[in-house]
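S.K.: Residue 273 is where the sequence shown starts when you use this note's numbering, and the numbers rise one by one after that.
This is the structure I have questions about; it appears just below.
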Amino acid sequence: MLTVKDLNIRIGTRPVVQDVNFILKKGTCTGLVGESGSGKSLTALSLMGLLPKQARITGGQILFKNRNLAALSERTFRNIRGKEISIVFQEPMTALNPVMHCGKQVVEMIRQHQKISKNDARQKVLSLFEKVKIPRPEKIFFSYPHQISGGQKQRIMIAMALSNHPDILIADEPTTALDVTVQKEILLLLKQLQQETGMSLLFISHDLNVVSGIADEILVMYQGKIVESGNRQQIFGNPQHTYTRALLACHPPLDKRLKKLATLDDFILSENKGFYPEEEKAEERKERLTHLYAQKPLLRVEDLVKTYPLKKSWRGKVIRSLQAVNQVSFQVYPGETLGLVGESGCGKTTLGRTLLRLIDPDSGRIYFDETDILSLSRKALKPYRKKTGIVFQDPYSSLNPRISIGKAIMEPMKVHKLYRTGKELKEKTIELMIKTGLKPEHFHRYPHEFSGGQRQRIVIARALALNPRFIICDEAVSSLDISVQATVLNLLNKLKAEFGFTYIFISHDLSVVRFMSDRIMVMKEGKIVEKGDADEIYYHPKHPYTQKLIAAIPVLQNTI
273 MLTVKDLNIR
283 IGTRPVVQDV
293 NFILKKGTCT
303 GLVGESGSGK
313 SLTALSLMGL
323 LPKQARITGG
333 QILFKNRNLA
343 ALSERTFRNI
353 RGKEISIVFQ
363 EPMTALNPVM
373 HCGKQVVEMI
383 RQHQKISKND
393 ARQKVLSLFE
403 KVKIPRPEKI
413 FFSYPHQISG
423 GQKQRIMIAM
433 ALSNHPDILI
443 ADEPTTALDV
453 TVQKEILLLL
463 KQLQQETGMS
473 LLFISHDLNV
483 VSGIADEILV
493 MYQGKIVESG
503 NRQQIFGNPQ
513 HTYTRALLAC
523 HPPLDKRLKK
533 LATLDDFILS
543 ENKGFYPEEE
553 KAEERKERLT
563 HLYAQKPLLR
573 VEDLVKTYPL
583 KKSWRGKVIR
593 SLQAVNQVSF
603 QVYPGETLGL
613 VGESGCGKTT
623 LGRTLLRLID
633 PDSGRIYFDE
643 TDILSLSRKA
653 LKPYRKKTGI
663 VFQDPYSSLN
673 PRISIGKAIM
683 EPMKVHKLYR
693 TGKELKEKTI
703 ELMIKTGLKP
713 EHFHRYPHEF
723 SGGQRQRIVI
733 ARALALNPRF
743 IICDEAVSSL
753 DISVQATVLN
763 LLNKLKAEFG
773 FTYIFISHDL
783 SVVRFMSDRI
793 MVMKEGKIVE
803 KGDADEIYYH
813 PKHPYTQKLI
823 AAIPVLQNTI
C-alpha cells in the first residue's frame with residue numbers, strides 16, 4: 273500500500289529522522305512506538321505533507337500508488353490529504369475548530385473532496401457518527417467541541433478521518449490522555465473499522481502495552497531511527513534492542529510488586545545485560561502495613577459533600593446541580609500512599625482540592641492532625657497550607673511562563689518567610705532542584721525550555737519547598753512517556769522514603785495506582801464505591817465498576 277525508503281528529515285541542520293524504512297501493507301495495522309522526540313509524529317506528518325515549516329525532507333522516498341509523496345507539490349497533496357490518506361491527531365481539542373459545530377466540521381471535510389449537497393453530507397455525517405458509536409448523533413452534530421467529552425471528541429476526529437474512505441489512516445497517539453475504559457473503546461473501534469473497510473492503519477504510541485493489542489507489525493523508533501521491527505510475537509516474545517526491552521520493563525507490572533520501576537537509564541547503564549529491580553515480598557509488605565496502620569490517622573474526612581450548580585432560573589434559583597463529591601469519608605495514615613482512582617468527571621480532582629481548601633465543601637468535616645481545617649479562618653489556614661502540597665496534572669499550565677523555574681520554586685518559601693537572606697533562599701532552591709534530578713544551571717531557565725518530564729520535576733520541587741507532610745499528586749504522570757513516568761514515580765517514592773511524606777495519588781490508571789499505593793479508593797459519580805488494600809482491590813475487585821476499570825488496563829500480547 274505504502275513504502276517508505278531511506279527517509280531523512282532535518283530541522284535546520286539537525287537530523288531528526290534518519291534512514292527510516294517500512295512498508296504499510298493493505299488491510300493491516302502497523303504500530304510505530306517511541307517516546308516524545310523520537311521522530312514518530314514527524315514521520316507521520318511527512319506522509320501527509322504536513323511537516324512544520326522549519327522541517328524538510330532531505331532524502332528518501334514515500335511511495336504511494338506509483339507516486340513519490342516526498343516530491344509532490346502542496347497543491348497536488350491537497351487532493352490526497354483527507355481523501356486517500358487521513359490522520360487522527362493526538363489532541364482533538366486543538367485539532368477541532370472551537371467556534372464551529374462538530375458536525376459541520378465533518379461536513380466541510382466531505383464537501384472538500386466529494387461533489388455532494390449539504391443535506392446529503394449531513395446525512396452521511398450522522399451515519400458516520402452512528403458508525404463510530406457517538407451517542408445522540410443529532411445533538412452532537414450541533415454541539416461545540418468544549419461541550420462534549422474527550423472520548424467523544426476523539427470519535428469526531430475518527431469520523432472526520434473516515435469520511436472520504438481513505439486507503440490509509442494514521443492514528444497519532446489517539447488515546448494518550450483518555451481514561452482506560454475510553455481508551456479500550458477507541459482501540460476496539462479503530463481495529464473494527466480497519467477490518468471492515470480494509471484500510472491500512474498506522475497506529476502511533478509511546479506505550480507498547482497499548483500497541484500490543486491492536487498492531488500486526490510493530491516498529492520501534494529511538495532518536496530518529498527504527499531500531500527494531502517485527503510482528504507481535506517477535507517484539508514482545510524476544511525483543512532484541514535495549515530500548516525495546518526498556519520500554520517493556522518501564523510499565524508497572526501487574527503480576528508482582530516492585531520496590532522500584534525499571535527506567536531507560538537503568539538498561540543503558542547495565543550495558544545490555546538487562547535490569548532486574550527488587551521485589552517487595554508479601555511478608556515485608558504485611559509488616560510495613562501493620563506498622564503503618566497502628567498509628568493515628570493524619571487526615572480524617574467525614575461525610576464530605578460538594579455540589580456545583582449547572583443551571584439556574586432567571587431569579588437565581590438552582591434548577592439542576594451536580595454532586596461532585598457525595599458523602600465521602602475516609603482516613604489517611606502518616607507515611608501512607610492512598611490511591612484515588614476513577615474516570616474523568618467522577619470527582620477525584622474536586623475531592624483533592626477540597627482537602628487543601630482550594631475550594632470549600634458544602635458540608636462535612638476535614639481533620640488534619642485532629643484540627644478541623646474547615647473551621648479555620650483564612651489567616652489561621654496559612655500554617656496548614658505550609659504542611660500540604662499539590663502536584664498538578666499539567667505542569668506547564670501550573671507554572672508561570674514569564675518567571676524562571678528557580679523563582680517559581682522560591683515563591684512559596686518567600687510567601688512563608690522561611691529564610692532570612694536571598695542567598696539562603698537560592699541555596700535551598702538549588703538543593704531541591706538537585707534532589708528532584710534538575711541541575712543548578714537550570715535555575716534561570718523558563719518552563720518552555722524543558723521537556724514534560726523535567727517540568728514535572730520542577731512542580732515536584734516546588735511542592736517540596738515548604739517541607740510538607742502531606743502531598744496530593746493529581747494525575748501527576750498521566751501525560752508522560754512510559755520511561756519518564758517510571759522515573760517520576762521512582763522519584764516520588766524516593767522522596768517519600770527520605771522525607772516521610774504522606775501521599776494521596778490520584779489517577780485514572782489502576783496499574784500505576786497499584787504500584788504507588790498501599791490502599792486504593794475507587795470513585796464513581798462522586799461516591800467512593802470501593803476501598804481497601806491495593807492488591808486486594810486489584811486482584812479481587814468486588815464492585816462492577818472496579819472490575820470494568822481493571823478489565824480495561826492494556827495487557828501485553830492481549831488481542832483485540
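Just so you know, even glycine gets a beta-carbon here, dropped at the ideal spot from N, CA and C.
Can you list, in chain order, the residues of its chain whose CB lies under 8 Å from that of Gly332, leaving out five sequence neighbours each side?
M.R.: Around Gly332: Val276, Lys277, Asp278, Leu279, Asn280, Asp291, Val292, Ala342.
S.K.: Is the region 553–560 in contact with the region 576–592, if contact means three or more CB pairs nearer than 8 Å?
M.R.: Taking 8 Å as the limit for Cβ pairs, the verdict is that the region 576–592 does not touch the region 553–560.
S.K.: Go ahead and pull the three-state DSSP assignment for Lys376.
M.R.: It is helical.
S.K.: With distances taken from CA atoms, which of Lys532, His563, Leu782 is nearest Asn762?
M.R.: It is Lys532.
S.K.: Taking the DSSP output, what are the residues bridged to Asn280?
M.R.: Note: Asn280 sits in a beta bridge opposite Gly331.
S.K.: Do the region 592–606 and the region 643–663 meet, that is, are 3 or more Cβ pairs less than 8 Å apart?
M.R.: No, the region 592–606 is not in contact with the region 643–663.
S.K.: From this set, Ser647, Arg657, Gly724, Pro633, which residue's C-alpha is nearest Leu671's C-alpha?
M.R.: For Leu671, the nearest C-alpha among the options comes from Gly724.
S.K.: Exposed or buried, which one is Arg674 when buried takes at least 16 other CB atoms within 10 Å?
M.R.: Arg674 comes out exposed.
S.K.: Helix, strand or coil for Gln728? Go by DSSP, reduced to three states.
M.R.: Three-state result, Gln728: helix.
S.K.: My assumption, with CB atoms under 8 Å, is that Pro378 sits in contact with Val397. Please give the rounded CB distance.
M.R.: As written in the sequence, residue 378 is Val, which differs from the Pro given in the question. So it is a contact: roughly 5 Å between Cβ atoms.
S.K.: What are the residues that DSSP puts in a beta bridge with Tyr775?
M.R.: Answer is Thr609, Ile743.
S.K.: Would you mind giving the Cβ-Cβ distance between Ile329 and Ser318, rounded to the nearest angstrom? I have them listed as a contact below 8 Å.
M.R.: With a Cβ gap of about 6 Å, Ile329 and Ser318 count as contacting.
S.K.: With a cut-off of 8 Å, does the C-beta of Val613 fall near any C-beta of chain D?
M.R.: The structure shown contains no chain D; it holds only a single protein chain.
S.K.: Looking at Asp444 and Ala316, is the spacing between their C-beta atoms short of 8 Å?
M.R.: Yes.
S.K.: Residue range of the beta strand (DSSP E) that Pro684 falls in?
M.R.: That residue, Pro684, is in no beta strand (DSSP E); its alpha helix (DSSP H) goes 677–687.
S.K.: Taking only the alpha-carbon atoms, compute the straight-line gap between Pro826 and Gln455 and give it to the nearest angstrom.
M.R.: If I take the Cα positions, the gap works out to 9 Å.
S.K.: Restricting to runs no shorter than 4 residues, where is the alpha helix (DSSP H) found entirely within the region 445–476?
M.R.: For the region 445–476, whole alpha helix (DSSP H) runs of length 4 or above, ordered along the chain, are 452–469.
S.K.: Could you check whether Ala431 and Phe401 sit closer than 8 Å to each other, using their CB atoms as the reference points?
M.R.: Yes, the Cβ-Cβ distance between Phe401 and Ala431 is below 8 Å.
S.K.: Are three or more beta carbon pairs between the region 482–490 and the region 748–762 nearer than 8 Å?
M.R.: No, the region 482–490 is not in contact with the region 748–762.
S.K.: Which class does Arg791 belong to by DSSP, given the choice of helix, strand or coil?
M.R.: In this structure, Arg791 counts as strand in the three-state DSSP scheme.
S.K.: Express the C-alpha separation of Val731 and Ser435 in angstroms, rounding to a whole number.
M.R.: Ser435 and Val731: Cα-Cα distance of roughly 42 Å.
S.K.: Who are the near neighbours of Glu491 in its chain, counting only those whose CB is closer than 6 Å to its CB and skipping five residues on each side?
M.R.: Just to set this straight, residue 491 is Leu in the shown sequence, not Glu. Hits under 6 Å: Phe294, Leu304, Ile498, Ser501.
S.K.: Since Val604 contacts Leu571 with CB under 8 Å, what's their CB separation in whole angstroms?
M.R.: Going by Cβ atoms, the distance from Val604 to Leu571 rounds to 4 Å, so yes, they are a contact pair.
S.K.: Any idea if Leu582 is buried or exposed, counting beta-carbon neighbours within 10 angstroms, 16 or more meaning buried?
M.R.: It is exposed - the Cβ of Leu582 has fewer than 16 other Cβ atoms within 10 Å.
S.K.: With distances taken Cα to Cα, identify the nearest neighbour of Thr708 among Lys695, Arg717, Gln726, Leu530.
M.R.: It is Gln726 whose Cα lies nearest to the Cα of Thr708.
S.K.: What number of angstroms, rounded off, separates the C-alpha of Leu697 from the C-alpha of Pro606?
M.R.: If you take the alpha carbons of Leu697 and Pro606, they lie about 28 Å apart.
S.K.: What's the call for Gly375, buried or exposed, on a 16-neighbour Cβ count within 10 Å?
M.R.: So Gly375 ends up on the buried side.
S.K.: Measuring alpha carbon to alpha carbon, tell me which residue in Met273, Leu610, Gly617 is nearest Ser421.
M.R.: Among Met273, Leu610, Gly617, the Cα nearest to that of Ser421 belongs to Gly617.
S.K.: Where do the ends of the beta strand (DSSP E) carrying Ser635 lie?
M.R.: Where Ser635 is concerned, the enclosing beta strand (DSSP E) stretches over 635–640.
S.K.: Closest to Tyr817 by C-alpha separation, out of Asp805, Asp807, Lys799, would be which residue?
M.R.: When each option's Cα is compared against that of Tyr817, the closest is Lys799.
S.K.: In terms of residue numbering, what span does the beta strand (DSSP E) encompassing Pro581 cover?
M.R.: Residues 571–584.
S.K.: Just curious, the alpha helix (DSSP H) that Lys803 is in, first and last residue?
M.R.: Where Lys803 is concerned, there is no enclosing alpha helix (DSSP H), although the beta strand (DSSP E) it sits in stretches over 799–805.
S.K.: On the three-state DSSP scale, how would you describe Val397?
M.R.: Residue state, collapsed to three classes: helix.
S.K.: In this structure, what does DSSP give as the bridge partners for Ala838?
M.R.: The requested residue 838 is not part of the displayed model; the chain covers only 273 to 832.
S.K.: Quick one: grab the DSSP three-state call for Asn481.
M.R.: Correct three-state label for Asn481: helix.
S.K.: Identify whether Leu648 lies in helix, strand or coil by the three-state DSSP scheme.
M.R.: Three-state result, Leu648: coil.
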